[in-house]
Structures are given as structure tokens and as C-alpha cells.
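The sequence shown begins at 39 in the working numbering and counts up by one.
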Amino acid sequence: MGARASRLAYKPVGLLLGVAAGAISSLVFKQVWKHLSDEGDAPDATDEERGWAEILAAAALQGAIFAVVKAAIDRGGASGVRRLTGRWPA
Numbered sequence: 039m040g041a042r043a044s045r046l047a048y049k050p051v052g053l054l055l056g057v058a059a060g061a062i063s064s065l066v067f068k069q070v071w072k073h074l075s076d077e078g079d080a081p082d083a084t085d086e087e088r089g090w091a092e093i094l095a096a097a098a099l100q101g102a103i104f105a106v107v108k109a110a111i112d113r114g115g116a117s118g119v120r121r122l123t124g125r126w127p128a
């Protein structure tokens with residue numbers, strides 16, 4: 039399989055991994071937020087009862103968790119493709 043074909047073959051896999059990363063990171067964030075705060079649900083940006091600091095902290099935490107989970111899943115997917123095809127998907 040050539041480099042171009044390998045990239046094209048990886049596109050749908052990458053999309054599915056991205057969706058999985060979003061779902062997993064959402065679950066992880068909800069659990070982490072439950073442990074860090076007194077309230078069960080994370081604040082929404084338009085939640086009138088919550089202050090700026092809490093909303094921005096929740097957004098920063100959620101972004102960090104998403105980035106770490108996505109990177110781990112993407113890296114694992116690329117490593118799996120290399121094991122199967124002998125080529126790193128670019």
C-alpha cells in the first residue's frame with residue numbers, strides 16, 4: 039500500500055477515533071468534575087448562578103482532558119495502523 043493510499047485508508051479510522059475521543063473525554067470530565075466540586079454537573083457558560091472563575095476553570099479542565107484523551111487515542115490508532123500496514127499514517 040502506498041503512502042497516499044495509506045493516508046486515504048486512515049481517514050475514516052481517524053474520524054471514528056475522533057468521535058470516540060469526544061465521547062470518552064466527556065465521560066472522564068464529568069467524573070473528574072464530580073470529584074472536584076460540590077455540585078454534580080459542570081457549569082454551563084450561560085449558567086447565571088455560577089461565577090466566572092468556576093465556569094472558566096471547568097472549561098479549561100474540559101479542554102485539557104479532551105486534548106489528552108484525543109492525543110492518546112490518535113497515537114494509539116496510528117500505532118495500530120503501522121503494526122497492520124507497516125506504514126505510519128500521515
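Even for Gly, the Cβ is constructed at its ideal location relative to N, Cα and C.
Pairwise C-beta distances place the stretch 86-102 out of contact with the stretch 49-62, as fewer than three of them are shorter than 8 Å. Collapsing the DSSP output to three states places residue 112 in a helix. With contacts defined by Cβ atoms closer than 9 Å, residue 96 and residue 80 form a contacting pair. Inclusion of residue 112 and residue 55 in the CB contact set at 9 Å is warranted, their separation being smaller than that value. Residue 80 carries a coil assignment under DSSP once its states are collapsed to helix, strand and coil. Sequence-distant partners of residue 77 (beyond 5 residues in either direction) whose C-beta falls short of 8 Å from its own C-beta are missing from its chain.
The alpha-carbon of residue 128 is positioned some 38 Å away from that of residue 73. Note that the C-beta distance between residue 119 and residue 63 is not below 9 Å. A buried status is given to residue 115, since no fewer than 16 other beta-carbon atoms sit within 10 Å of its beta-carbon.
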